[in-house]
Every structure is written in C-alpha cells, then in structure tokens.
Amino acid sequence: MKEAAFYEAVGDSAHCQLCPHFCRIKPGASGICKARENVSGKLVPASYGQLSSIALDPIEKKPLRRFYPGSQILSVGSYGCSMHCSFCQNYAISQQTPQTEYYSPDRLLELALSAKASIGVAFTYNEPFVAYEYLLECAQLLGSESQKVVAVTNGLINSEPLRMLLPFIHALNIDIKSFRHDFYTRHGGDLDTVKAAVKAASQSAHVEATTLIIPGQNDTKEEMGELASWLAEISPDIPLHISRFFPRYKMAHMQPTPVETVESLAKVAQDHLLYVYKGNL
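For the sequence shown, the working numbering gives the first residue as 603, with consecutive numbering after it.
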C-alpha cells in the first residue's frame with residue numbers, strides 16, 4: 603500500500619502534517635478525515651483512487667463562472683473530509699464511507715481523454731485534499747496531456763503541501779464558509795489556514811470563492827462586507843458565489859435561506875468585488 607506524504611512516525615503513531623488538525627493516529631485508526639490511516643506505524647492514504655462519484659458537469663456547476671465558461675468537465679469524488687460541517691450538502695460521501703471503485707491515475711486519464719467534450723478533471727464532491735497523493739499524481743499526469751485540473755476545496759491544507767501541489771492545479775473554488783473564527787471552530791476548521799490558501803492559490807491559479815449562507819450562522823451584512831473587502835484586497839477580480847442553504851444533514855430541521863437574504867448580501871459584496879454570483883435560488 604502506498605505511503606502517505608507529510609507525516610512523522612513517532613513510535614507506532616503517525617503524526618499527520620497535511621492539515622492544521624495535525625492528527626496523531628494510532629495503529630489501526632484513521633485521522634479526522636477518515637481517509638488517512640495508520641497501518642503498522644505508517645500513514646497510508648486509504649482513499650487513494652477510490653472514487654464514489656463520477657459525472658460530466660458544466661464548469662459553472664463547480665461553481666466556476668470565469669474559467670472556460672460554457673465548457674464541460676469530468677468531475678470525480680472519493681470520500682472523507684477534514685471538516686465536519688453540520689450543514690454538509692454531500693455528507694453521504696464526506697462524513698460516511700460510500701461504495702467506491704478503484705481508478706488508478708492512468709485509468710482516470712484514459713477516462714478523461716475519452717470524454718471529448720471535457721476540458722479536464724475536477725476533483726470535487728468530497729474534500730479532495732485529504733486524498734493528497736492521488737490528487738497530486740493525477741494532476742501531474744493530466745497536465746502532461748493538456749488536461750485542465752480543478753480542485754473544489756474547503757482550503758484546509760498546510761502551506762508546504764499546498765505549495766507543492768499548486769503548480770499542477772489550474773483552477774480552484776475555495777469554500778470560505780464564514781469570516782468568523784468561532785464558526786470554523788464549531789465545524790472543525792481554521793479560518794486562518796483557509797485565508798492563507800486563498801492567498802497562495804490566487805498567485806498561481808484561477809480562484810473563485812463560495813460562501814453558503816446559513817440563517818442565523820453567517821448571514822449578516824457586516825460579516826459579508828468584511829469577507830468581500832478582504833477578497834478585494836487580494837484582487838477585486840476574484841469571483842464570489844453567494845449560495846442559498848437548503849436543509850441537509852444535521853441541519854435538516856432548519857428552513858432554507860430566504861432569497862432576499864442572498865440578494866441583499868450580494869449587493870454588499872458588489873461594493874467590493876467585480877464578480878458576485880447568487881447560487882441555489
């Protein structure tokens with residue numbers, strides 16, 4: 603079995619260094635993401651090549667609105683996530699272990715090349731960074747055949763792994779779930795890490811951001827103004843997708859976000875950014 607990158611063996615424990623959780627994983631156990639496991643003292647990427655979802659999607663569905671608009675892209679997902687959001691829209695694969703089929707990087711490339719209408723491959727649906735080794739190897743191989751590589755991610759990755767990956771990624775949609783530290787703490791993330799990822803990625807790839815608006819959680823004009831202003835400091839050209847929440851997972855009892863809330867927050871963001879899109883209306 604393949605050995606993972608970015609970990610330190612300490613006795614029989616494997617100390618993962620891929621994301622800011624820095625999981626200390628005992629033999630037979632997995633990290634928070636469920637995708638990286640300690641096997642006899644070595645960290646292995648258990649989800650390597652295990653795909654749960656494959657579809658040919660419009661690029662706008664990622665969502666990417668200003669990266670090859672009107673094109674199609676082969677979209678693949680695996681399982682696992684470095685966060686545990688109670689509102690997760692894809693919890694069946696991010697928080698659970700679904701049925702999968704193994705696709706080696708070569709097999710994925712063959713599939714991508716056979717999809718004539720596709721510009722490349724988007725790693726999406728669950729968190730792609732938890733399958734770091736697979737993503738890196740596939741991205742290198744796909745790029746060598748002029749395929750575009752897209753990552754749809756929560757941005758929860760440490761700086762060195764991200765630095766090594768970015769030369770092979772053409773576009774990212776990074777989910778900025780909130781602009782409040784306590785929100786991220788509640789859902790198992792770290793805002794500073796996500797902000798650093800947005801800054802780093804924007805220097806070498808096309809970046810768009812998404813914020814899912816949840817009633818009573820991250821829906822104030824003040825917070826949206828701070829988020830949009832911060833993005834504009836990096837570049838006012840960064841598109842921001844402001845999406846409407848629908849009840850899912852552990853928040854299935856809630857009401858959808860009012861359309862009026864999304865529209866009012868979009869107006870706030872438009873004071874700072876050139877491209878603001880409303881989603882799930």
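For every residue, glycine included, the Cβ atom is placed at its ideal position computed from N, Cα and C.
Please read all numbers here as calculations on a predicted model, not as lab measurements.
Item, Value
"Tell me the rounded alpha-carbon separation between P769 and N756.", "19 Å"
"Determine whether the beta carbon atoms of S711 and L743 lie at a separation below 7 Å.", "In the sequence as presented, Ser is not what sits at residue 711; that position holds Leu. Yes, these two residues count as a Cβ contact at 7 Å."
"With three or more C-beta pairs closer than 8 Å as the rule, is the stretch 642-658 touching the stretch 730-740?", "yes"
"Throw me the rounded Cβ distance for the I675 and A753 pair, which I believe falls under 8 Å.", "Not confirmed; about 12 Å, so no contact."
"Classify M766: buried if its beta carbon has 16 or more other beta carbons within 10 angstroms, exposed otherwise.", "exposed"
"Sort K797, G818 and Q805 by Cα distance to S831 and report the nearest one.", "K797"
"In this structure, does DSSP put F589 in helix, strand or coil?", "Outside the shown range of the chain (603 to 883) lies residue 589, about which nothing can therefore be said."
"Closest by CA to K718, which one among F624, D659 and G682?", "D659"
"Does DSSP put V725 in a helix, in a strand, or in coil?", "Checking the displayed sequence, the identity of residue 725 turns out to be Phe instead of Val. Correct three-state label for F725: strand."
"Determine, using beta-carbon pairs with one atom in the stretch 629-636 and one in the stretch 679-688, whether at least three such pairs fall under 8 Å.", "yes"
"Given a cut-off of 7 Å, decide if T787 and I815 are closer than it, judged by their beta-carbon atoms.", "no"
"Rank E662, S654, N760 and T702 by C-alpha distance to the C-alpha of H623 and give the top, closest one.", "N760"
"Provide the residue(s) that pair with T812 in DSSP beta bridges, ordered along the chain.", "D777 and H843"
"I'd like the list of long-range same chain contacts for G745, defined as Cβ closer than 7 Å, with 5 residues on each side in sequence excluded.", "V751 and F770"
"Which of the three DSSP states is assigned to Q697 in this structure?", "coil"
"How should H843 be labelled, buried or exposed, when 16 other C-beta atoms within 10 angstroms of its C-beta is the threshold for buried?", "buried"
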